[in-house]
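Notes follow once the structure below has been shown.
Protein chains: 2
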Amino acid sequence: MHCWVDGRPADALSLKDRGLAYGDGLFETIAVRSGQPQLLERHLQRLAEGCRRLALNADQALIRHEVLAYAAALGEGVLKLILTRGDSLRGYAADPAAMARRILQGAALPAYPAANAEQGIVLFPCATRLSEQPLLAGLKHLNRLEQVLARAEWRDAEHAEGLMLDGAGRVIEAVFSNLFLVSQGRLLTADLSRCGVAGVMRAEILFQAASLGISVEVTDISLDQLQQADEVFVCNSVYGIWPVRACAGMRWSAGPLTRKLQGITRALLDA
Amino acid sequence: MHCWVDGRPADALSLKDRGLAYGDGLFETIAVRSGQPQLLERHLQRLAEGCRRLALNADQALIRHEVLAYAAALGEGVLKLILTRGDSLRGYAADPAAMARRILQGAALPAYPAANAEQGIVLFPCATRLSEQPLLAGLKHLNRLEQVLARAEWRDAEHAEGLMLDGAGRVIEAVFSNLFLVSQGRLLTADLSRCGVAGVMRAEILFQAASLGISVEVTDISLDQLQQADEVFVCNSVYGIWPVRACAGMRWSAGPLTRKLQGITRALLDA
Numbered sequence: 001m002h003c004w005v006d007g008r009p010a011d012a013l014s015l016k017d018r019g020l021a022y023g024d025g026l027f028e029t030i031a032v033r034s035g036q037p038q039l040l041e042r043h044l045q046r047l048a049e050g051c052r053r054l055a056l057n058a059d060q061a062l063i064r065h066e067v068l069a070y071a072a073a074l075g076e077g078v079l080k081l082i083l084t085r086g087d088s089l090r091g092y093a094a095d096p097a098a099m100a101r102r103i104l105q106g107a108a109l110p111a112y113p114a115a116n117a118e119q120g121i122v123l124f125p126c127a128t129r130l131s132e133q134p135l136l137a138g139l140k141h142l143n144r145l146e147q148v149l150a151r152a153e154w155r156d157a158e159h160a161e162g163l164m165l166d167g168a169g170r171v172i173e174a175v176f177s178n179l180f181l182v183s184q185g186r187l188l189t190a191d192l193s194r195c196g197v198a199g200v201m202r203a204e205i206l207f208q209a210a211s212l213g214i215s216v217e218v219t220d221i222s223l224d225q226l227q228q229a230d231e232v233f234v235c236n237s238v239y240g241i242w243p244v245r246a247c248a249g250m251r252w253s254a255g256p257l258t259r260k261l262q263g264i265t266r267a268l269l270d271a
Numbered sequence: 272m273h274c275w276v277d278g279r280p281a282d283a284l285s286l287k288d289r290g291l292a293y294g295d296g297l298f299e300t301i302a303v304r305s306g307q308p309q310l311l312e313r314h315l316q317r318l319a320e321g322c323r324r325l326a327l328n329a330d331q332a333l334i335r336h337e338v339l340a341y342a343a344a345l346g347e348g349v350l351k352l353i354l355t356r357g358d359s360l361r362g363y364a365a366d367p368a369a370m371a372r373r374i375l376q377g378a379a380l381p382a383y384p385a386a387n388a389e390q391g392i393v394l395f396p397c398a399t400r401l402s403e404q405p406l407l408a409g410l411k412h413l414n415r416l417e418q419v420l421a422r423a424e425w426r427d428a429e430h431a432e433g434l435m436l437d438g439a440g441r442v443i444e445a446v447f448s449n450l451f452l453v454s455q456g457r458l459l460t461a462d463l464s465r466c467g468v469a470g471v472m473r474a475e476i477l478f479q480a481a482s483l484g485i486s487v488e489v490t491d492i493s494l495d496q497l498q499q500a501d502e503v504f505v506c507n508s509v510y511g512i513w514p515v516r517a518c519a520g521m522r523w524s525a526g527p528l529t530r531k532l533q534g535i536t537r538a539l540l541d542a
């Protein structure tokens, strides 16, 4: 399906775009089923928060309208929405009144092996560490070289995802997923106030777990805590939940809480 | 002047480019005088080092050839060279055999006030801190949101540049310049192994100073050391050297070593 730039079909982007020059923008990757963007409110909420923190002017109602129209035309697949601060003049200074450029792209749903969700995955232990930048932490912005470097650390098909730590050795997330631990009946995920991407599915799982009366904790997580966890899983808004069965000599089984939450996210994404 | 993409005139870029999606690439900003790219060897050397560290495949001889041809056509101005890892498939994984996409853009020389070089400038004390990422430190890569945020902290014309510290409070650089101190006859600039951009003019000044028998030191620099410096200046490969006369209550005079090095860089850029 054709891309849209500012609401019109387009193949190409201005070479002056600040998304290219500086990674000056944000993105969302949205699962689309039967023409409906899934978890749309959470995606739009994170995007609006990113716009606020980067002082990016965007017409949120227009974005919602375009995402709905594009998803309806796409039918089944993944919709990628990119917002950039538009064209650059010269240098880092931006026109504070400039409106964000809206880019919509469609693709087929990725063909992940069914075993990822069923038997669980093995995480590659990435040597690339996430740097601490509170001003950008949590945002799904376009500065993603750390993820590019981490993803280049393995090429075999045995590892479906990679584990990322921060510079202090805290367990933060996976390369394109968030990470959860189940420990003594509690659900834990990393505090993302220093680094990491606050995923839409992570937010949904925190909400669902709390609704089920499960104790949830957003906190710093050590490698020791990861090793001693009863269950480990990763999640994102396209594939839902994958149990994690191993990483660098550590082993876990897909336990009951992982399976319960996996059922809930599957229902959400198949809706 | 028209942009070139992979050696051909172009107005627009593929919407799948990884430079847009992830900031997955590098750039150089090169002063062009009388059709000649200035400090070309240093620019190409840094670019090659960046390609090596990001595992970006690029034909360095072809890049040199295109930069020379583009500069000859541009005559006077600033040539911006962007290398990206080409088009994305899906996700962060890249084709390890992919060749870098080459983008060349031309612009007029920026019209900085003559007073910047003559009387010196005032630095805005940016609150945005540089994060520590040794894997990317020193590179002129396309992940520049920290500079975008820092540059957005001031809009008045009184501040020509902004001072940036790292998370630990070390003095690192300016938003689009490197920073030097003169202290008791020695020339100091920040160690850029944790963060910062290792500028081409910084490298040239370190070389020139050493050739003049001046003691140079690349080291961690504290705000106290900055305050107590005898002279402070900023530099880049387009404007050369600007003395710094003030920043957040600190004051300095443009001293003899700043003026001597300024004369040398002016001669280099006017060559």
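So the protein lines, in turn, are chains A and B. Once you know that position 34 of the first sequence is 34 in our numbering, the rest is easy, because the numbers rise by one and skip nothing. Once you know that position 232 of the second sequence is 503 in our numbering, the rest is easy, because the numbers rise by one and skip nothing. Yeah, the Cβ is synthetic: ideal placement off N, Cα and C, and Gly gets one too.
Cβ shell of residue i (< 8 angstroms), same chain only, five flanking positions each side left out
i, result
"B:D491", "R441, A461 and D462"
"B:C274", "P280, A281, D282, I374, L375, Q376 and G377"
"B:A292", "S359"
"B:L539", "Q309, L310, E475 and G511"
"A:A210", "V216"
"B:S305", "G346 and E347"
Three-state class that DSSP yields for residue i in the structure shown
i, result
"B:P384", "coil"
"A:V67", "helix"
"A:S211", "helix"
"B:D330", "coil"
"B:I492", "coil"
"B:A302", "strand"
"A:K80", "strand"
"B:E403", "coil"
"A:E231", "strand"
"A:L15", "coil"
"A:L257", "helix"
"A:L268", "helix"
Close Cβ partners of residue i (< 6 angstroms) along its chain, the five nearest in sequence each way excluded
i, result
"A:F27", "I82 and K140"
"A:N143", "G23"
"B:D495", "none"
"B:C322", "A329"
"B:T536", "G511 and I512"
"A:L13", "none"
Cβ pair residue i, residue j closer than 7 angstroms
i, j, result
"A:L187", "A:V232", "no"
"B:M272", "B:G377", "yes"
"A:L179", "A:P125", "no"
"B:L333", "B:Y341", "no"
"B:D501", "B:G526", "yes"
"B:A265", "B:V505", "Since the first and last residues shown for chain B are 272 and 542, residue 265 of chain B lies out of range."
"A:R46", "A:A137", "no"
"B:A382", "B:G348", "no"
"B:M472", "B:S508", "yes"
"B:R372", "B:T355", "yes"
"A:L261", "A:V182", "no"
"A:E146", "A:L135", "no"
Classification of residue i by the beta-carbon crowding that lies within 10 angstroms, buried from 16 upward
i, result
"A:Y92", "buried"
"A:P37", "buried"
"B:Y510", "buried"
"A:P243", "buried"
"B:F478", "exposed"
"B:L311", "buried"
"B:G225", "Beyond the ends of chain B as shown, which are 272 and 542, falls residue 225 of chain B; an answer cannot be given."
"A:E118", "exposed"
"A:D17", "buried"
Cβ shell of residue i (< 7 angstroms), same chain only, five flanking positions each side left out
i, result
"B:C518", "V393, L394, P396 and L434"
"B:R422", "G433 and V446"
"B:W425", "F395 and G433"
"B:I319", "Going by the sequence as given, residue 319 of chain B is Ala instead of Ile. So the list reads Q331, once near-sequence residues are dropped."
Contacts that residue i makes with chain C (C-beta to C-beta distance below 9 angstroms)
i, result
"B:D282", "Of the protein chains in the structure, A and B, none is chain C."
Short-range partners of chain A found in the region 284–310 of chain B, where Cβ spacing is below 9 angstroms: L284, S285, L286, K287, D288, R289, G290, L291, A292, Y293, G294, D295, G296 and F298
Residues of the region 398–409 of chain B with a CB closer than 7 angstroms to any CB of chain A: list them in chain order, please. T399, S402, E403, Q404, L406 and L407
What are the residues of the region 139–164 of chain A that lie near chain B, defined by any Cβ-Cβ distance shorter than 8 angstroms? H141, L142, N143, R144, L145, E146, Q147, V148, L149, A150, R151, A152 and R155
Using a Cβ-Cβ cut-off of less than 7 angstroms, give me the residues of the region 99–130 of chain A that come near chain B, in sequence order. I103, Q105, A107, P110 and T128
Output needed in chain order: residues of the region 340–363 of chain B with a Cβ under 9 angstroms from some Cβ in chain A. V349, K351, I353, T355, R356, R361, G362 and Y363
Listed in chain order, which residues of the region 170–202 of chain A have Cβ atoms closer than 7 angstroms to some Cβ of chain B? V175 and F176
Where the region 46–58 of chain A meets chain B: residues whose CB sits under 7 angstroms from a CB there: Residues passing the 7 angstroms Cβ filter: A55.
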